[in-house]
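Here is the structure we will look at, set down as structure tokens.
Residue numbers (our numbering): 137 to 671.
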């Protein structure tokens, strides 16, 4: 049941204005799926009405059928009761299907929008945000939304309708018995408020302990070589045992809170039914209400107390989902620091790469990583950046490729400031060769075509041969099916090959031949150390 594992940290709790803003954006985003949502809402109304109509038919069967001795009315009530039950079952299945279809369509669009927003962010964004946190946004936060949509939203709509309509039906049947039922409601309200507060704290503790447990587990697996090298297996086992025990204790506490609350609600329902039986019997004896009314009242009580219990469970879940949406919308609203100007122009095919008076800080208020840098790379010139660690080599290279924008100064190519250039032309003119390679999940051919998906097999094969492996070699007979695990294969229109420090010296000559075709080349020190001219 949704809501049992939800917890909202104090810093994630939203005020009413923020909650309304988030829900407003949800409605606007879900607008294209409104037709399916309307059908689902109609199914909820029909199911709720059928659920409440069943006790009314029981009342009619008792009063107009059994007590009056009219078998036609009794049989009619039984037949209608069966029909209403079948109707409630059918529309209950339909409401589940349509509501989940609407929710999954919304989540599909949300995932796509968030992923596209992450792909457009600049490097500074990833400096401030840990990869694990961003992955959690795409997984845990969207999973929280999925739970709310799949189960919570259905429970909320059905329970809300049931509570409101049940009170209306109860009051129309007998206002005296309705007042009797209301005697236990203050206890339910107080218990629900306490449950929301205590359960939120307990479930937050569970989430925190789960994170700690996973962290301990991940460290124990990732560092297993170090652990075994120093014979610390027993220490790690005891450490995981303590973490696991803390998680167990947190779960037990949350179970105790749930057991206390659900038991109290169930007892209140039974106590209310007992009051209805006692007071109802006295009213029947005085001919104030009928026997069928008392029976219908008792049956309707389950339609009143169960939804109240479900709504209490949903409170923390809705808060958690709203907080998750707030974080996701923060990603959608974040504008990349490195973005394309509205009046951007293409860079010229050739030209000088000029760094003029560049000062750069990774974060405001920190020491500059680069200060008053000046550099001119002539057309066709090859240079190597060397220096001690922290001198700013990597920072300068990132600025020259416009992975960051300088805090002060400018970087231009062919007389055009990189901030005024289109990103497409910038990536074609200035090519970044990562020091650490990376392979995407897929075939070798797909990875080689990464930068130009339209590359033909005839264009892919030479890159593979130069990169120390051939797709059509005897070691790799199935050209299009081998899967990749790590490292990188890059194919650029500029005919650039990606070289790693593990490259064999016998392959450096074709690498130098490829580099000589470039108008401008910047080579990182680690790559340079393994390359030498064989000309």
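Here a beta-carbon is modelled for each residue, glycine too, at the ideal position from N, C-alpha and C. Since this is a predicted model, take the numbers as computed values, not measurements.
For a test of the three-state rule: what should DSSP assign to residue i, helix, strand or coil?
{"i": "residue 153", "result": "helix"}
{"i": "residue 296", "result": "helix"}
{"i": "residue 538", "result": "coil"}
{"i": "residue 326", "result": "helix"}
{"i": "residue 481", "result": "strand"}
{"i": "residue 637", "result": "Residue placement at residue 637 is poorly supported in this model, since its pLDDT is 37, which falls under 50; the coordinates are not used for a value here."}
{"i": "residue 734", "result": "Outside the shown range of the chain (137 to 671) lies residue 734, about which nothing can therefore be said."}
{"i": "residue 424", "result": "coil"}
{"i": "residue 569", "result": "coil"}
{"i": "residue 589", "result": "coil"}
{"i": "residue 320", "result": "coil"}
{"i": "residue 526", "result": "coil"}
{"i": "residue 661", "result": "Low confidence applies here, because residue 661 scores a pLDDT of 42, under 50, leaving its location unreliable; read the following figure in that light. Looking at residue 661 - three-state DSSP - the assignment turns out to be helix."}
{"i": "residue 609", "result": "Residue confidence is low: residue 609 scores 40 on pLDDT, short of 50, so the model does not pin down where it sits. Its coordinate-derived value is still stated next. Residue state, collapsed to three classes: coil."}
If I follow the unbroken beta strand (DSSP E) through residue i, where does it start and stop?
{"i": "residue 490", "result": "489–496"}
{"i": "residue 561", "result": "Where residue 561 is concerned, there is no enclosing beta strand (DSSP E), although the alpha helix (DSSP H) it sits in stretches over 559–565."}
{"i": "residue 520", "result": "518–520"}
{"i": "residue 167", "result": "Premise fails: residue 167 is in no beta strand (DSSP E) and is neither H nor E."}
{"i": "residue 474", "result": "Note, residue 474: premise wrong, no beta strand (DSSP E); not H, not E."}
{"i": "residue 545", "result": "544–549"}
For residue i, which option in the options has the closest C-alpha, if you only look at C-alpha atoms?
{"i": "residue 674", "options": "322, 269, 373", "result": "No answer is possible for residue 674: it lies beyond the span of the chain, which begins at 137 and ends at 671."}
{"i": "residue 495", "options": "579, 487, 489, 504", "result": "504"}
{"i": "residue 309", "options": "194, 433, 234, 348", "result": "433"}
{"i": "residue 526", "options": "518, 417, 534, 506", "result": "506"}
{"i": "residue 460", "options": "271, 195, 225, 233", "result": "271"}
{"i": "residue 195", "options": "182, 178, 280, 306", "result": "306"}
{"i": "residue 386", "options": "352, 340, 229", "result": "340"}
{"i": "residue 228", "options": "450, 582, 178, 436", "result": "178"}
{"i": "residue 477", "options": "520, 559, 397", "result": "559"}
{"i": "residue 520", "options": "508, 509, 510, 533", "result": "533"}
{"i": "residue 377", "options": "396, 397, 398, 345", "result": "345"}
{"i": "residue 349", "options": "365, 374, 363, 366", "result": "374"}
{"i": "residue 437", "options": "449, 466, 407, 491", "result": "407"}
{"i": "residue 382", "options": "342, 397, 501", "result": "342"}
{"i": "residue 555", "options": "595, 296, 481", "result": "481"}
{"i": "residue 351", "options": "338, 380, 364, 336", "result": "380"}
{"i": "residue 420", "options": "467, 403, 391, 312", "result": "312"}
{"i": "residue 398", "options": "332, 193, 417, 284", "result": "332"}
{"i": "residue 304", "options": "192, 390, 581, 599", "result": "192"}
{"i": "residue 175", "options": "209, 215, 237, 162", "result": "237"}
{"i": "residue 580", "options": "570, 593, 203", "result": "593"}
{"i": "residue 473", "options": "274, 297, 366, 264", "result": "264"}
{"i": "residue 291", "options": "585, 531, 450", "result": "450"}
{"i": "residue 600", "options": "589, 583, 590", "result": "583"}
{"i": "residue 440", "options": "591, 299, 588", "result": "299"}
{"i": "residue 337", "options": "358, 391, 202, 275", "result": "391"}
Residue range of the alpha helix (DSSP H) that residue i falls in?
{"i": "residue 507", "result": "Per DSSP, residue 507 belongs to no alpha helix (DSSP H); it is in the beta strand (DSSP E), 506–513."}
{"i": "residue 365", "result": "360–365"}
{"i": "residue 232", "result": "207–256"}
{"i": "residue 197", "result": "Here residue 197 belongs to no alpha helix (DSSP H), and DSSP marks it neither H nor E."}
{"i": "residue 264", "result": "259–264"}
{"i": "residue 583", "result": "580–584"}
For residue i versus residue j, is the C-beta distance shorter than 8 Å?
{"i": "residue 217", "j": "residue 190", "result": "yes"}
{"i": "residue 334", "j": "residue 393", "result": "yes"}
{"i": "residue 254", "j": "residue 289", "result": "no"}
{"i": "residue 267", "j": "residue 188", "result": "no"}
{"i": "residue 248", "j": "residue 278", "result": "no"}
{"i": "residue 250", "j": "residue 462", "result": "no"}
{"i": "residue 457", "j": "residue 284", "result": "yes"}
{"i": "residue 523", "j": "residue 508", "result": "no"}
{"i": "residue 372", "j": "residue 347", "result": "no"}
{"i": "residue 471", "j": "residue 543", "result": "no"}
{"i": "residue 585", "j": "residue 467", "result": "no"}
- prompt: Does the pairing of the stretch 511–522 with the stretch 558–576 give three or more beta-carbon distances under 8 Å?
  reply: no
- prompt: Taking contact to mean at least 3 C-beta pairs separated by less than 8 Å, is the stretch 396–411 in contact with the stretch 303–321?
  reply: yes
- request: Please confirm if the stretch 485–492 is in contact with the stretch 542–549, defined as three or more CB-CB distances below 8 Å between the two stretches.
  value: yes
message: Taking 8 Å as the cut-off, does the stretch 240–255 touch the stretch 155–175 (at least 3 CB pairs, one atom from each stretch)?
response: Using a C-beta cut-off of 8 Å, the stretch 155–175 makes contact with the stretch 240–255, since at least three inter-stretch Cβ pairs fall below that distance.
message: Under 8 Å: do the stretch 180–191 and the stretch 209–226 share three or more Cβ pairs, one atom per stretch?
response: yes
- prompt: Okay, do the stretch 415–434 and the stretch 193–208 touch, 3+ Cβ pairs below 8 Å being the bar?
  reply: They touch, by the three-pair rule.
message: When you compare the stretch 440–454 with the stretch 323–331, are there three or more beta-carbon pairs, one atom per stretch, that lie closer than 8 Å?
response: yes
message: With a threshold of 8 Å, are at least 3 pairs of Cβ atoms found where one atom belongs to the stretch 254–263 and the other to the stretch 531–544?
response: yes
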